[in-house]
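For reference, the structure is listed below as structure tokens.
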Amino acid sequence: MGSVRFVDVDKRFGTVEAVRGLSLDIADGEFMVLVGPSGSGKTTALRMLAGLESVTGGEIFIGDRLVNRVAPRERDIAMVFQDYALYPQMTVFDNLAFGLRRRGAPRDQISARVANAAELLDIGRLLDRRPGELSGGQAQRVALGRALVREPQVFLMDEPLSNLDAKLRTQTRGEIKRLQGEVGTTTVYVTHDQVEAMTMGDRIAVLRDGELQQVGTPEELYERPANVFVGGFIGSPGMSFLPGEDGGSVGVRPEHVRPWADGLHGPIEGRVAYVEALGRETLVGVDADGDIRLVAVLEGRADLEVGAPLRVGLVPAGMQRFDAGGRRL
Amino acid sequence: MTNSREQAIAYTILSAFSLFALLPIVGIVFTALQDPNGVATFGSFDGLHFGNFADAWSEGHFGTYLKSSVIVTVTVVVVAGFLSILAGYAFGMMRFRGSEVLFYVILLGLMIPTEAMIVPLYYDFRDLGLVDTYWALILPQIGTSIAFGTFWMRAFFRTVPRSLVEAARIDGASSWFTLWRVILPLARPAVLTMTVLLAMWTWNEFLLALVMVSDEGLRTAPLGLSFFQGRNLTNLTLLAAGAVIVAAPIVLLYVFLQRHFIRGMLSGAVKG
Chain A
1 MGSVRFVDVD
11 KRFGTVEAVR
21 GLSLDIADGE
31 FMVLVGPSGS
41 GKTTALRMLA
51 GLESVTGGEI
61 FIGDRLVNRV
71 APRERDIAMV
81 FQDYALYPQM
91 TVFDNLAFGL
101 RRRGAPRDQI
111 SARVANAAEL
121 LDIGRLLDRR
131 PGELSGGQAQ
141 RVALGRALVR
151 EPQVFLMDEP
161 LSNLDAKLRT
171 QTRGEIKRLQ
181 GEVGTTTVYV
191 THDQVEAMTM
201 GDRIAVLRDG
211 ELQQVGTPEE
221 LYERPANVFV
231 GGFIGSPGMS
241 FLPGEDGGSV
251 GVRPEHVRPW
261 ADGLHGPIEG
271 RVAYVEALGR
281 ETLVGVDADG
291 DIRLVAVLEG
301 RADLEVGAPL
311 RVGLVPAGMQ
321 RFDAGGRRL
Chain B
1001 MTNSREQAIA
1011 YTILSAFSLF
1021 ALLPIVGIVF
1031 TALQDPNGVA
1041 TFGSFDGLHF
1051 GNFADAWSEG
1061 HFGTYLKSSV
1071 IVTVTVVVVA
1081 GFLSILAGYA
1091 FGMMRFRGSE
1101 VLFYVILLGL
1111 MIPTEAMIVP
1121 LYYDFRDLGL
1131 VDTYWALILP
1141 QIGTSIAFGT
1151 FWMRAFFRTV
1161 PRSLVEAARI
1171 DGASSWFTLW
1181 RVILPLARPA
1191 VLTMTVLLAM
1201 WTWNEFLLAL
1211 VMVSDEGLRT
1221 APLGLSFFQG
1231 RNLTNLTLLA
1241 AGAVIVAAPI
1251 VLLYVFLQRH
1261 FIRGMLSGAV
1271 KG
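So the sequences go chain by chain: A and B.
Using this note's numbering, you'd call the opening residue of the first sequence number 1 and step up by one each time.
Using this note's numbering, you'd call the opening residue of the second sequence number 1001 and step up by one each time.
This is how it looks when you write it as structure tokens:
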């Protein structure tokens, strides 16, 4: 059983509350992404699960086992670090074999598992090299391999792609997802990048200031954000907000902001604040009265001048209402 | 980019300072090789009289004194080095209550000069019956060496990415295993530099040896040199030869280990 359960978990560093009342169930085999801006507590939550930070309050279970006081090596987890943390003086083979050797695995089992992981990750020809002789992408694969050979109950990944360039990151994103699907190991993945979260997670947990904001599938988070923060954080770009009734607000996704036409909600008069031509589509920022910035996404290229007046409307089905406290109505 | 003129100036300045550092050493060596029956002048060269070293060796009792120096230095460096690695690891990589305060207490050992503690130390050791034993030279120097060694190794351990230790912990390694097999192989330059410095300071320690031991068989080499100087005040040549004998082991150690720590540093620097 590789499920993970956080039950009302708190973490304080002195007077700073890094995580507050986190309750989260992660199913066996699930790919769970913890996402949030820096300081949201996502990495702290992961480190508590790894046993690298103590738990101030609450309980953490791996399977049915309470692990609050269990040493990291006894938790049957493997972690991929942001800086890979490969042992510099050891060859790639020894890096991969390290965890198995520490656990006293028999020699033939070690070679078999290392060979298997090396094949899965296509790093077979690198086994005699040392980490200093690897490119960033190769080091990243070795770090993944080191977790893979352990065949643990849970993979923990702490922003493993953030040191790669954009192209390699996109490629590796898909690869991690594919690998996880193949081995079926429960994975908890921390990132600040909501695109990574949306493309990789079976479910996503959004954190902010140490508190869980919403857990759900990428679609749920995108279609029905629980609050203004999630609406603004998820999506690229995120929701735009307009004042609503009773001090609340109305959120709208860029694809639901369109040049004025019949059947739309509006019209809203504004001026073009910026134009970002992405090729297939164009993002247009529109400033309206009352400090409102709407973002619209238009098909193809848009022939718009910054500062030019623009009249837009909102697709009624895409309008989401939030109360004065920012919660979804 | 430096042009050739800047390079020439840099080389001139560096050469000047190198000469400045080397001249006294060359002077001592030349003096040590002078004709023992001639008029001794510091730094002048009048042939190679290697017999001076044999004379200095026997007159300065260096056979005995160097043996004491080796015993004291090796013991101090091995014990203090080992304990410094452990303490540095704890202070640099572990979080525990009181670590800050404790670290500054240990640093006190670095700040208090031997002159300030030699008198109480003498009485303490006399009460313990340790005066005139190797322990009187070894124990205080282990104490002061650990102060520096801990400071030095802690600084190194702080540069080691914490994730490396955490990865080893998750992979199932104990703290002990992580220190000796994961982290310490990276610490080679730091450990070798510490070894050279501790060996040099222990070898050259004079005041402690002067006060703590009077037994001829326990005296260390620098002390031998000073007695030697007293008896041969007029014989500059033999004094210089004695100085070369005392300095030689440390110079050799330095030259030998320097190759290693340059190699160690290069292996860490070549990346990606």
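Backbone N, C-alpha and C fix where the C-beta goes; we use that ideal spot for every residue, glycine too.
Note that the coordinates shown come from a computational prediction; the quantities given were computed from them, not determined experimentally.
- Nearest to Leu1108 of chain B by alpha-carbon distance, out of B:Thr1133, B:Gly1149, B:Trp1203, is B:Gly1149.
- Interface annotation, Ser1099 of chain B: not in contact with chain A, CB-CB separation never under 8 angstroms.
- Three or more beta-carbon pairs drawn from the stretch 1181-1198 of chain B and the stretch 1073-1087 of chain B are found closer than 8 angstroms, and the two stretches are therefore classed as touching.
- Just so you know, the alpha carbons of Thr170 of chain A and Leu34 of chain A end up roughly 18 angstroms apart.
- Contact annotation: Ala1167 of chain B and Ala45 of chain A have beta-carbon atoms that are not nearer than 8 angstroms.
- Only Ile77, Ala78, Met79, Phe81, Asp83, Ala85, Tyr87, Pro88, Gln89 from the stretch 74-94 of chain A bring a Cβ to less than 7 angstroms from some Cβ of chain B.
- Residues Pro1222, Ile1250 of the same chain have their beta carbon placed closer than 8 angstroms to that of Asn1204 of chain B, with the five preceding and five following residues left out of the count.
- Taking 8 angstroms as the upper bound on Cβ-Cβ separation, chain A lies near residues Ile1170, Asp1171, Gly1172, Ala1173, Phe1177, Val1182, Pro1185, Leu1186 of the stretch 1170-1200 of chain B.
- Counting along the chain, the unbroken alpha helix (DSSP H) around Asp1127 of chain B starts and ends at 1114-1127.
- By the Cβ neighbour-count rule, Pro254 of chain A is buried, with 16 or more other Cβ atoms within 10 Å of its own.
- For the pair of segments examined, the stretch 146-154 of chain A was found to touch the stretch 1-19 of chain A: the number of CB pairs separated by less than 8 angstroms reaches three.
- At a cut-off of 8 angstroms between beta carbons, Gly99 of chain A contacts chain B.
- Contact with chain A is found for Ala1167 of chain B, since one of that chain's Cβ atoms lies less than 8 angstroms from the residue's Cβ.
- Between Phe1256 of chain B and Lys177 of chain A, the alpha-carbon positions lie close to 52 angstroms from each other.
- In the same chain as Leu1210 of chain B, and ignoring 5 residues on each side of it, the C-beta atoms closer than 8 angstroms to its own belong to Leu1223, Ser1226, in chain order.
- Minimum Cα-Cα distance from Asp1046 of chain B among the listed residues B:Val1246, B:Pro1036, B:Leu1218 corresponds to B:Pro1036.
- C-alpha of Ser1163 of chain B to C-alpha of Arg208 of chain A: approximately 24 angstroms in a straight line.
- Counted as a single uninterrupted DSSP element, the stretch harbouring Arg103 of chain A is not any alpha helix (DSSP H), since DSSP gives it neither H nor E.
- No residue range can be given for Ile123 of chain A, since it is assigned to no alpha helix (DSSP H) and is classified by DSSP as neither H nor E.
- The count of Cβ pairs closer than 8 angstroms, one atom from the stretch 85-96 of chain A and one from the stretch 1177-1186 of chain B, reaches three, so the stretches are in contact.
- Given a length threshold of 4 residues, each whole run of the alpha helix (DSSP H) inside the stretch 148-208 of chain A is given here in chain order: 166-183, 194-200.
- Residue contact check for Pro72 of chain A against chain B: a CB pair falls below 8 angstroms.
- Within the model, the alpha-carbon separation for Gly1098 of chain B versus Val250 of chain A is close to 53 angstroms.
- Within chain A, the residues whose beta carbon sits less than 8 angstroms from that of Pro1161 of chain B are Asp83, Ala85, listed in sequence order.
- The beta carbon of Val306 of chain A sits closer than 6 angstroms to the beta carbons of Val272 from its chain, once the five residues preceding and following it are set aside; these are given in chain order.
- At least one CB atom of chain A sits nearer than 8 angstroms to the CB of Leu1164 of chain B.
- Positions of the alpha helix (DSSP H) runs, each at least 4 residues long and wholly inside the stretch 1129-1180 of chain B, are given as 1134-1159, 1162-1170 in order along the chain.
- The alpha carbon of Pro1189 of chain B has as its nearest neighbour, out of B:Ala1155, B:Tyr1065, B:Asp1215, B:Ala1247, the alpha carbon of B:Ala1155.
- Look at Gln140 of chain A here: in three-state DSSP terms it is helix.
- Sorting A:Ala115, A:Gly132, A:Asp76, A:Ile204 by C-alpha distance to the C-alpha of Val230 of chain A places A:Ile204 at the top.
- With the rule of 3 Cβ pairs closer than 8 angstroms, the stretch 235-245 of chain A counts as touching the stretch 292-311 of chain A.
- Exclusion of the five residues before and after Leu1048 of chain B leaves Leu1033 as the residues of its chain whose Cβ lies within less than 6 angstroms of its Cβ.
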